[in-house]
Amino acid sequence: MRIKIAIRNTFRNKRRTALNVFMIASGVTSLILFKGFSANLILSIREGTIQFQYGHLQVARDGFWKNSAETPKENLIPDYQGLLKRIQGIPTVKSATGWIGFYGLLGAQDRTVGAQMLSLDPVNESLRLSNLVMIEGKATDYTGGQKVLLGAGVASALRAKVGDNLNLLGYTYDGLVNALDIEVVGIFKSGLKEIDNVTAMIPLEVSQKLLDTTDVEKFIIYLKSTDLTEQGQRSVADILSAGPQGLEIKPWHELAAFYKEVRSFYNLYDAVIQLIILGLVLIGILNTIGMSVFERTGEMGTMRAMGETQRNIVRQFVLEGAVLGVFGGVVGSIAGVVLALVINAIDFRAPMPGASLPQRIQILLPMWNFVEAMALTLVASMVAAAIPAVRASKLEIVDALRRNI
Amino acid sequence: MTQHGDGSSCLLRAENVCKTYQLGETTVQALQNIDLEVREGEFLALAGSSGSGKTTLLNLFGCLDRPTSGRIFVAGTDVAELDSDALASFRAATIGFIFQTFNLFPVLSARENVEYPMLLNKTPAAERENRAKEALERVGLARFLDHRPDQLSGGQRQRVAIARALVKRPKIIFADEPTANLDKKTAIEVLTLMRELNTSEKVTFVFSTHDSMILSLASRIFHMSDGRQVPAPEAPHAH
Ligand SMILES: Nc1ncnc2c1ncn2[C@@H]1O[C@H](COP(=O)(O)OP(=O)(O)O)[C@@H](O)[C@H]1O
Ligand SMILES: [Mg+2]
Numbered sequence: 001m002r003i004k005i006a007i008r009n010t011f012r013n014k015r016r017t018a019l020n021v022f023m024i025a026s027g028v029t030s031l032i033l034f035k036g037f038s039a040n041l042i043l044s045i046r047e048g049t050i051q052f053q054y055g056h057l058q059v060a061r062d063g064f065w066k067n068s069a070e071t072p073k074e075n076l077i078p079d080y081q082g083l084l085k086r087i088q089g090i091p092t093v094k095s096a097t098g099w100i101g102f103y104g105l106l107g108a109q110d111r112t113v114g115a116q117m118l119s120l121d122p123v124n125e126s127l128r129l130s131n132l133v134m135i136e137g138k139a140t141d142y143t144g145g146q147k148v149l150l151g152a153g154v155a156s157a158l159r160a161k162v163g164d165n166l167n168l169l170g171y172t173y174d175g176l177v178n179a180l181d182i183e184v185v186g187i188f189k190s191g192l193k194e195i196d197n198v199t200a201m202i203p204l205e206v207s208q209k210l211l212d213t214t215d216v217e218k219f220i221i222y223l224k225s226t227d228l229t230e231q232g233q234r235s236v237a238d239i240l241s242a243g244p245q246g247l248e249i250k251p252w253h254e255l256a257a258f259y260k261e262v263r264s265f266y267n268l269y270d271a272v273i274q275l276i277i278l279g280l281v282l283i284g285i286l287n288t289i290g291m292s293v294f295e296r297t298g299e300m301g302t303m304r305a306m307g308e309t310q311r312n313i314v315r316q317f318v319l320e321g322a323v324l325g326v327f328g329g330v331v332g333s334i335a336g337v338v339l340a341l342v343i344n345a346i347d348f349r350a351p352m353p354g355a356s357l358p359q360r361i362q363i364l365l366p367m368w369n370f371v372e373a374m375a376l377t378l379v380a381s382m383v384a385a386a387i388p389a390v391r392a393s394k395l396e397i398v399d400a401l402r403r404n405i
Numbered sequence: 406m407t408q409h410g411d412g413s414s415c416l417l418r419a420e421n422v423c424k425t426y427q428l429g430e431t432t433v434q435a436l437q438n439i440d441l442e443v444r445e446g447e448f449l450a451l452a453g454s455s456g457s458g459k460t461t462l463l464n465l466f467g468c469l470d471r472p473t474s475g476r477i478f479v480a481g482t483d484v485a486e487l488d489s490d491a492l493a494s495f496r497a498a499t500i501g502f503i504f505q506t507f508n509l510f511p512v513l514s515a516r517e518n519v520e521y522p523m524l525l526n527k528t529p530a531a532e533r534e535n536r537a538k539e540a541l542e543r544v545g546l547a548r549f550l551d552h553r554p555d556q557l558s559g560g561q562r563q564r565v566a567i568a569r570a571l572v573k574r575p576k577i578i579f580a581d582e583p584t585a586n587l588d589k590k591t592a593i594e595v596l597t598l599m600r601e602l603n604t605s606e607k608v609t610f611v612f613s614t615h616d617s618m619i620l621s622l623a624s625r626i627f628h629m630s631d632g633r634q635v636p637a638p639e640a641p642h643a644h
């Protein structure tokens with residue numbers, strides 16, 4: 001009966017209720033869109049970090065992680081092939097590959113540019129390869145052999161084009177200078193400018209040939225999904241415990257310091273925006289709800305004469321605020337879903353921090369966002385009802401009763 | 406409860422009650438040294454012109470306000486001893502109100518309005534509905550159970566209000582100018598109904614009015630002027 005009364009009172013003044021529902025719904029819609037947008041942003045930064053930079057898991061010698069080895073040679077994982085095979089056999093593992101990174105000099109006619117030469121396996125890291133956006137050349141031409149993919153910044157520093165032959169110079173693990181000819185088959189943007197300005201990708205066997213080794217520095221392991229990180233880490237640890245000593249696994253979240261910073265920044269940013277949205281909703285409805293409560297001061301007097309306590313009266317008005325909040329929340333959620341689907345259907349791209357290419361805007365709609373958005377606005381509308389109701393219920397009963405005309 | 410010689414007990418008592426309102430610099434003496442006893446079963450009218458203190462006295466008896474000095478007893482309880490929550494449940498259990506402006510809840514049907522007081526003492530829903538229906542039948546509104554107040558005439562609204570006051574079986578019902586918003590004919594009908602209920606349901610009524618026609622239906626009249634009790638005035642000359 002109390003809820004029935006609350007519902008009827010809520011829809012007593014149609015125009016005012018429509019206004020309140022509109023404001024609460026706009027709040028919920030904005031929260032859902034904003035949270036969905038930023039969830040997608042964080043997710044794409046996370047996946048980008050994993051796919052382009054770190055993989056899900058990496059395995060290397062302790063010395064490699066700690067930079068404690070006397071010489072780079074001590075960091076190598078010898079006879080890695082068998083171990084890698086076993087890791088590739090783990091069901092949660094999608095692919096695993098050996099990796100070497102070194103600082104090389106790329107020479108083209110009259111220019112020489114230093115670059116971080118990173119291993120990229122055309123087969124095992126096909127996803128990483130396909131995620132590189134080729135601004136020149138085709139990823140399919142990167143098939144192994146003495147070929148190189150240049151980051152966009154490196155290519156422009158070299159004035160290099162697809163088809164150019166470059167001279168790659170480096171030091172072997174034994175300290176000798178070695179050189180190779182490699183062909184530029186593509187120029188890429190990875191999504192992160194920091195990477196594009198300093199990196200080039202070459203097949204592992206080219207690095208091994210130049211550096212005169214049959215070993216690798218680390219394994220990069222890609223799992224079937226990021227959610228499997230812990231499970232995958234345990235499986236890899238099992239295999240390592242039976243193998244050579246001194247190898248250590250690091251999951252992506254320990255490696256990706258940048259991602260962690262971005263994430264904690266966005267969490268703070270989210271909280272501030274949510275607070276602003278809620279504040280606007282609260283200010284928006286406080287006035288109209290306040291008017292409705294004020295107009296019903298006489299009614300409050302009647303209720304109290306009949307024996308309602310002040311507490312119960314405030315509770316009744318808060319219940320009405322809750323009805324309004326639930327109604328606005330449902331309307332806002334529906335509007336949020338519709339708008340999100342429209343936005344997701346449009347191929348809408350915008351530049352994003354740290355990304356060298358505009359990223360497609362997607363709104364994620366996890367259940368949790370609805371729960372949170374509705375809970376927050378529900379609290380806001382209950383507070384908006386409680387404030388004037390508490391004030392009005394403090395009036396003397398006889399004064400309140402006089403407001404009945 | 407005080408037992409009287411005639412066997413009926415004293416339901417309300419005001420002992421030397423004063424009520425003053427402070428309006429800035431000026432002090433308004435709304436009630437001065439009121440002594441009044443009301444026995445169970447009375448149908449008492451408070452009579453007096455506007456501003457004579459009728460509403461103030463009803464509010465004190467109805468436990469809606471407290472006297473500046475003097476004591477108020479309702480059903481044997483010194484109401485000064487109850488805090489505001491205790492007063493609320495005391496009112497819910499013992500006292501019914503009828504207002505000049507009816508004060509029905511506009512969003513509720515006649516029946517729901519009558520059910521409302523029973524929400525306060527947690528009467529089960531089915532019983533609430535039945536008792537509300539009975540009470541509305543009792544005031545002649547059997548056909549209007551589902552009408553909202555704005556679909557009812559003034560007289561019908563006041564009958565709903567009477568049913569609402571009656572339904573929780575209070576010891577006493579206070580009615581402040583219950584007929585002031587009604588035309589003469591309806592006013593007499595409404596007051597006649599109250600009088601009937603006074604007898605049949607054995608509920609004590611105290612009502613106020615400044616209409617001499619209505620006064621003739623009272624079992625006793627308490628005349629007031631400027632916050633004091635005054636003797637009955639000379640019968641007014643017919644125009
Ligand atoms: N809340 C109040 N503040 C100041 N004066 C009041 C208040 N309530 C009543 N009064 C004054 O007390 C006197 C008695 O009022 P009231 O009891 O309403 O009379 P009645 O009901 O007989 O018309 C009047 O002079 C009125 O102006
Ligand atoms: Mg009055």
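Just so you know, the protein sequences line up as chains A and B, in that order. So the first sequence is numbered by the working numbering: it starts at 1 and just counts up by one. So the second sequence is numbered by the working numbering: it starts at 406 and just counts up by one. Built from N, CA and C at the ideal position, the CB exists for glycine as well.
Residue i burial status per 10 Å Cβ neighbour count (16 or more: buried)
| i | result |
| --- | --- |
| residue 111 of chain A | exposed |
| residue 461 of chain B | buried |
| residue 174 of chain A | exposed |
| residue 368 of chain A | exposed |
| residue 643 of chain B | Because the pLDDT of residue 643 of chain B is 48, which lies under 50, any placement of that residue in the model is unreliable, and the question is left without a value. |
| residue 242 of chain A | exposed |
| residue 410 of chain B | Residue placement at residue 410 of chain B cannot be trusted, given a pLDDT of 48 that sits under 50; what the coordinates show is reported in the next sentence. Exposed, because fewer than 16 other Cβ atoms sit within 10 Å of the Cβ of residue 410 of chain B. |
| residue 504 of chain B | buried |
| residue 4 of chain A | exposed |
| residue 196 of chain A | buried |
| residue 97 of chain A | buried |
| residue 124 of chain A | buried |
| residue 508 of chain B | buried |
| residue 459 of chain B | buried |
| residue 365 of chain A | buried |
| residue 581 of chain B | buried |
| residue 121 of chain A | buried |
| residue 234 of chain A | exposed |
Simplified DSSP assignment, three categories, for residue i
| i | result |
| --- | --- |
| residue 551 of chain B | coil |
| residue 616 of chain B | coil |
| residue 64 of chain A | helix |
| residue 266 of chain A | helix |
| residue 424 of chain A | Because chain A here runs from 1 to 405, residue 424 of chain A falls outside it and cannot be looked at. |
| residue 541 of chain B | helix |
| residue 723 of chain B | Missing from the structure shown is residue 723 of chain B; chain B here goes from 406 to 644 and no further. |
| residue 259 of chain A | helix |
| residue 529 of chain B | coil |
| residue 405 of chain A | coil |
| residue 426 of chain B | strand |
| residue 499 of chain B | helix |
| residue 43 of chain A | helix |
| residue 580 of chain B | strand |
| residue 322 of chain A | helix |
| residue 280 of chain A | helix |
| residue 146 of chain A | coil |
| residue 244 of chain A | coil |
Strand pairing of residue i, partner residues [DSSP]
| i | result |
| --- | --- |
| residue 117 of chain A | A:102, A:200 |
| residue 329 of chain A | Paired residues: none, contrary to the question. |
| residue 628 of chain B | B:452 |
| residue 222 of chain A | A:95 |
| residue 167 of chain A | A:107, A:181 |
| residue 482 of chain B | B:479 |
| residue 415 of chain B | B:444 |
| residue 134 of chain A | A:188 |
Cβ-heavy atom distance, residue i to ligand 4, below 6 Å
| i | result |
| --- | --- |
| residue 23 of chain A | With respect to ligand 4, the structure offers nothing, as its ligand set consists of ligand 1 and ligand 2. |
- If you measure beta-carbon to beta-carbon, which residues of the stretch 299-313 of chain A are closer than 9 Å to chain B? 299, 301, 302, 303, 304, 305, 306, 307, 308, 309, 310, 311, 312
- Query: Using a beta-carbon distance cut-off of less than 7 Å, what residues from the stretch 495-507 of chain B approach chain A?
  - Reply: 496, 497, 502, 504, 506
- Within 9 Å of chain A by C-beta, residues of the stretch 511-534 of chain B in sequence order: 511, 512, 513, 517, 520, 521, 522, 524, 525, 526, 530, 533
- Task: List in chain order the residues whose CB is within less than 6 Å of at least one heavy atom of ligand 1.
- Result: B:426, B:428, B:433, B:435, B:453, B:455, B:456, B:457, B:458, B:459, B:460, B:461
- Proximal residues, the stretch 251-273 of chain A versus chain B, C-beta separation under 9 Å: none
- Task: Could you name the residues of the stretch 462-473 of chain B whose beta carbon sits closer than 8 Å to any beta carbon of chain A, in the order they occur along the chain?
- Result: 464, 467, 469, 470
- Taking Cβ-Cβ distances below 7 Å as the criterion, which residues of the stretch 543-574 of chain B are in contact with chain A? none
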